[in-house]
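S.K.: My questions will all concern the structure given below.
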Amino acid sequence: MSRERCARPRMRLWTLAGTALALFAASCAALAAAPAWAQPSDTDQAGVHRDAVEALGAAGVLSGTGCTPDRLCPQQHLPRWAMAVWLVRALDGRDPPSTRDSRFVDVASRRWWAPHVERLFDLRVTYGCGAHPARFCPYQPVSRGETASFLRRAFRLSPADPAEIAGFVDTGGNIHESAIDALAVAGVTTGCSTSPARFCPDAPVTRAEMASLLTRALRFNAAITWLSAGDSYSSGVGTDPHARGSCRRSPRSAGPAASDALRQRGWAIAHTHTACEGGLVEDMFNSRPQDPGRVSMWAEHTEVLGGPRRVDIVALSLGGNDIGFEDVVLACVPFTRVTELFLGCPSEDGLKARIDNLVAPARTCPGASRTGSRPDYRCALRIAGNRHGSIADFYREIVSERLTERGRLYVIGYPSLIAPSSEWRLFDPCRVVYKPETVDMLGLLAGHLNRQLAAAVRQANDELGKVRVHYVDTYTPFREGGHEVCGRGPDFLHGITHVGRDPLNGWYRSFHLNNAGHAEVARLLADEVSSTFRPSIGLAQPQRPSG
4 MSRERCARPR MRLWTLAGTA LALFAASCAA LAAAPAWAQP SDTDQAGVHR
54 DAVEALGAAG VLSGTGCTPD RLCPQQHLPR WAMAVWLVRA LDGRDPPSTR
104 DSRFVDVASR RWWAPHVERL FDLRVTYGCG AHPARFCPYQ PVSRGETASF
154 LRRAFRLSPA DPAEIAGFVD TGGNIHESAI DALAVAGVTT GCSTSPARFC
204 PDAPVTRAEM ASLLTRALRF NAAITWLSAG DSYSSGVGTD PHARGSCRRS
254 PRSAGPAASD ALRQRGWAIA HTHTACEGGL VEDMFNSRPQ DPGRVSMWAE
304 HTEVLGGPRR VDIVALSLGG NDIGFEDVVL ACVPFTRVTE LFLGCPSEDG
354 LKARIDNLVA PARTCPGASR TGSRPDYRCA LRIAGNRHGS IADFYREIVS
404 ERLTERGRLY VIGYPSLIAP SSEWRLFDPC RVVYKPETVD MLGLLAGHLN
454 RQLAAAVRQA NDELGKVRVH YVDTYTPFRE GGHEVCGRGP DFLHGITHVG
504 RDPLNGWYRS FHLNNAGHAE VARLLADEVS STFRPSIGLA QPQRPSG
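If you're matching positions, the sequence shown starts at 4 in the numbering used here and goes up one per residue.
So, in structure tokens, the structure goes:
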């Protein structure tokens, strides 16, 4: 009985040594007594592709797809049904659940690999081989050109830069030419021959060749590039001991801590951290002329830290300083009316208008900046260079110009800072330190700020035509858990806090996250990333000695 007629293999996933190494134990019902197929018995016939075959075999990708129960037949052509199984296992790290029906008339739902074909369609990697009726052609060999298109879609490879395309002499005008070029620039393929360079797009791909192409794509795609940017709520202000340097960054802040948490789950992540206290939207892509030593967060990522010009993940909190919210909190909340007298507290309508202008600016104001001492909050945000717009435009700029094709932007909302005065205990010291009506007003405005940021995320996605921006709600968990200052739950924020001997400039930790607060935001961020960003499986490096 052929493997493709067996019952669907069962799979389990382990993570070893911090790498997402998937070890799948697979067997057919007809072969229930046989041991799990860790490696094909004919890997020596794979030639130069042997390491790739063994890597996929160890990861369980090949299980059940050989020409016999224990042989792969590396030099045979790869049928489309087996290609679907390999790609789905590589992308998802597991087999999909069973399905009752198939959208393709030539894929019988009783085949154990039918769910893989359905899943590949859902992932937008394949649309079949024909329509009216929809067909998949499961037993047809996959051509090398088709393989290039499948891999480009599967791994969301960016289009090749024309300056980097060496070019194959036999791909001009081919329907798969752009995919072939993307694979070549990514180092996934070098073609089928040199002098002249040829790709052989119409030739069927062998199982061994596909193993090499897939392992290269996996390793090219394995390290997720992640930039943590933003303001003091992303830099780490409030950690204990507090971070040093003018930006007060800390590895305990949400972005670095979330990436570390996902590494513990087996994700391979290359992380850079450029968030800075006092960060504004315009600081993301513009330097500050009045501060020559401070480059933009993006320039620091690419030029100082050597990060790539397109990344897979950007996580940030921005917008609070663009409405002067931190200064407002310090001016309005503490010490009853004393600070209001000396610093001034804006009206509720004035603060609400500032927030609304983030989403729908009242003016364009070319050349306007929020870095001055008296910014005009009605003006559009400076995004990059002379481009101004709303915060939704800023999100679209990141997605369109700075993310890879599989990339995602995670907008971290602001926590609820102070519990409503109605929840304060009768003899709570908060009644002495804070002015209740002002606290309640700012609490409502903080909720409004987060709702507007979430609305901007939805607007950006609508204009992009797909979901590329995700809002991470921190306000609701902090509010419901009573984690604010004066709240009844565990404290996740500092109240009025002074650090150092400078009586004027030592208040920066006030109303910022403490260690527990940063840890909670990191957890929320990691959960959101893990549920919306799909990493490919990792592969072990070959252990067989070369030569």
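C-beta: ideal position from N, C-alpha, C; glycine also.
Please list the terminal residues of the continuous alpha helix (DSSP H) segment that includes L575.
M.R.: With the chain represented from 4 up to 550, any question about residue 575 goes unanswered, as that position is not in the structure.
S.K.: Determine the closest residue to G248 out of H274, L265, D443, E280, with distance taken between C-alpha atoms.
M.R.: The candidate whose alpha carbon is nearest that of G248 is E280.
S.K.: State buried or exposed for T209, treating a residue as buried only when at least 16 other CB atoms are found within 10 Å of its CB.
M.R.: buried
S.K.: If you follow the beta strand (DSSP E) that H391 is part of, which residue opens it and which one closes it?
M.R.: 390-392
S.K.: In the DSSP assignment, what residue or residues form a beta bridge with R201?
M.R.: Answer is S196, bridged to R201.
S.K.: If you drop the 5 nearest sequence neighbours on each side, which residues of the same chain put their C-beta closer than 6 Å to that of A163?
M.R.: D184, A185, V188
S.K.: Are the Cβ atoms of R519 and A261 separated by less than 9 Å?
M.R.: Reading the sequence as shown, one finds Ala at residue 519 and not Arg. No, they are not a contact pair.
S.K.: So, at 7 Å on beta carbons, what are the nonlocal neighbours of R373 in its own chain, with the 5 sequence-adjacent residues on each side left out?
M.R.: L283, E285, D325
S.K.: Since G446 and P423 are thought to touch, with beta carbons under 8 Å apart, how far apart are those beta carbons, to the nearest angstrom?
M.R.: 6 Å
S.K.: If you draw a straight line from the alpha carbon of S215 to that of G233, how long is it in whole angstroms?
M.R.: 40 Å
S.K.: Spatial neighbours of A395 within its chain, please: CB distance less than 6 Å, with the 5 preceding and 5 following residues excluded, ordered by chain position.
M.R.: A459, Q462, A463
S.K.: Secondary structure at T407, three-state DSSP: helix, strand or coil?
M.R.: Per DSSP, reduced to three states, the secondary structure at T407 is strand.
S.K.: For H451, report the span of its alpha helix (DSSP H) as first-last.
M.R.: Element bounds for H451: 439-467.
S.K.: Taking S513 as part of the beta strand (DSSP E), name the residues at either end of that continuous run.
M.R.: Segment: none, S513 is in no beta strand (DSSP E) and carries neither H nor E.
S.K.: Could you check the C-alpha separation between L406 and E400 for me, to the nearest Å?
M.R.: 9 Å
S.K.: Buried or exposed for Y474, going by 16 or more other Cβ atoms inside 10 Å?
M.R.: In this structure Y474 is buried. Its beta-carbon is surrounded by 16 or more other beta-carbon atoms within 10 angstroms.
S.K.: Just to confirm before moving on: does the CB-CB distance between G67 and V91 stay below 9 Å?
M.R.: Against a cut-off of 9 Å, the Cβ pair of V91 and G67 comes out as no contact.
S.K.: When the Cα atoms are used, what is the spatial distance from R268 to S533?
M.R.: 10 Å
S.K.: What did DSSP end up calling Y398 once you bin it into helix, strand or coil?
M.R.: In this structure, Y398 counts as helix in the three-state DSSP scheme.
S.K.: Rounding to the nearest angstrom, what Cα-Cα distance links V240 and C250 in this structure?
M.R.: 8 Å
S.K.: Give the DSSP-derived three-state secondary structure of C368 in the structure shown.
M.R.: coil
S.K.: Please name the residue in L65, Q78, D330, A61 whose C-alpha comes closest to that of V51.
M.R.: Q78
S.K.: Using DSSP with H/G/I as helix, E/B as strand and the rest coil, what is Y474?
M.R.: strand
S.K.: Put Y417 into one of helix, strand or coil per three-state DSSP.
M.R.: coil
S.K.: Is C382 helix, strand or coil when you go by DSSP?
M.R.: strand
S.K.: Indicate the three-state DSSP secondary structure (helix, strand or coil) for W89 in the structure shown.
M.R.: Taken through DSSP and simplified to helix, strand or coil, W89 comes out as helix.
S.K.: Anyone know if the C-beta pair for F158 and R138 falls short of 9 Å?
M.R.: no
S.K.: Compare the C-alpha of A278 against each of T500, V317, I272, H179 and name the closest.
M.R.: V317
S.K.: Quick check on the DSSP output: the beta strand (DSSP E) that includes D315 runs from which residue to which?
M.R.: Per DSSP, D315 belongs to the beta strand (DSSP E) from 314-320.
S.K.: When the distance is taken between beta carbons, is E531 closer than 9 Å to H486?
M.R.: no
S.K.: So, helix, strand or coil for P165, using DSSP?
M.R.: helix
S.K.: Under a three-way DSSP split, which group does P538 fall into?
M.R.: coil
S.K.: Under three-state DSSP, which class holds G233?
M.R.: strand
S.K.: Helix, strand or coil for I183, going by three-state DSSP, please let me know.
M.R.: helix
S.K.: Where does G60 fall in DSSP's three states?
M.R.: Here G60 sits in helix by DSSP.
S.K.: My assumption, with CB atoms under 8 Å, is that P82 sits in contact with Y130. Please give the rounded CB distance.
M.R.: Rounded, the Cβ-Cβ distance is 18 Å, inconsistent with contact.
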